[in-house]
Each structure stands twice: as C-alpha cells, then as structure tokens.
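K.L.:
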Amino acid sequence: CGWCDHSDCRRRRPPPPAPPPSRLATKHLTSGDKVPASRCDVVTKEGCNEKEVAFIAKQSVKDAAGLQKEVDRLNGMKGGKMKPELAQWLTKRITLLSKMKDEL
1 CGWCDHSDCR
11 RRRPPPPAPP
21 PSRLATKHLT
31 SGDKVPASRC
41 DVVTKEGCNE
51 KEVAFIAKQS
61 VKDAAGLQKE
71 VDRLNGMKGG
81 KMKPELAQWL
91 TKRITLLSKM
101 KDEL
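Per the working numbering, the sequence shown starts with residue 1, numbered consecutively.
(1) Buried or exposed, going by whether 16 or more other CB atoms sit within 10 Å of the CB of Leu29?
(2) Please list the terminal residues of the continuous alpha helix (DSSP H) segment that includes Thr95.
(3) If I measure Cβ to Cβ from Glu50 and keep anything under 8 angstroms in the same chain, skipping five residues before and after, which residues do I get?
(4) Within 10 angstroms of its Cβ, does Val42 collect 16 or more other Cβ (buried), or is it exposed?
(5) Could you check how far apart the C-beta atoms of Glu52 and Gln59 are, in whole angstroms? I think they sit under 8 angstroms.
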C-alpha cells in the first residue's frame, strides 16, 4: 500500500506539501522597489520631515556640480545590499538633490 507505516512503503510516500509563504517574508522592500512620491518642497520645506529638512540644509551650500557629484555617489550605492529603510532614504535623497538642481 502507499500510505501505511510499513518501512518499505515509506519510500513511496510523497513528501508533505510546502507551507504557504509567510506574508511578512513576501513584503520585503529591496533597493529596486518603488518609493512613494516625495511631497517635500526643497525651497519652502513644506511637506518635509525633519530628516529631509536637515539634508536639504546640509546640501544647500553646494553648487550644481557639487549636487551632481553627490547624486552620482548615491546612484553608485543603489545596487548594494542595505536595509529597506536605508534604500528608501537613498532614493529620497537622490530625489531631493534632483529637485535642488532644478531650482538652481
């Protein structure tokens, strides 16, 4: 028979089905995932959180070439392994720098 506990029958028994994937395991954010649109205005700082305001203040002393250099540096980091929160912050910084360049 195919389902009894005889030692010779166990070899023919199919393996148990795999458990369904966990919802938490399937919701990981990688560096390539999309980030919600930034509502932060780099000129008026409206819609910006404290972290974004601090970043804008730090980068505002740079000229267009300095901002581009920082964008290039951050784009070089995109493919690396990082936590989902850091990947989102990386994308936000690139977006903020691009907005700052457009305002110059």
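All C-beta atoms, glycine included, are put in the ideal place defined by N, C-alpha and C.
P.N.:
In short:
(1) Along the sequence shown, read from residue 1 onward, the residue named residue 29 stands at position 29. Caution applies to Leu29, whose pLDDT of 46 falls short of 50 and renders its modelled position unreliable; the model cannot decide the point.
(2) Here residue 95 refers to the residue found at position 95 of the sequence shown. 84-103 is the extent of the alpha helix (DSSP H) around Thr95.
(3) Taking the sequence shown and counting its residues from 1, one reaches residue 50 at position 50. None.
(4) Here residue 42 is taken as the residue at index 42 of the sequence shown, counted from 1. Flag for Val42 reads buried.
(5) Translated into the one-based positions of the sequence shown, residue 52 becomes position 52. Translated into the one-based positions of the sequence shown, residue 59 becomes position 59. A Cβ-Cβ separation of about 11 angstroms leaves Glu52 out of contact with Gln59 under the 8 angstroms criterion.
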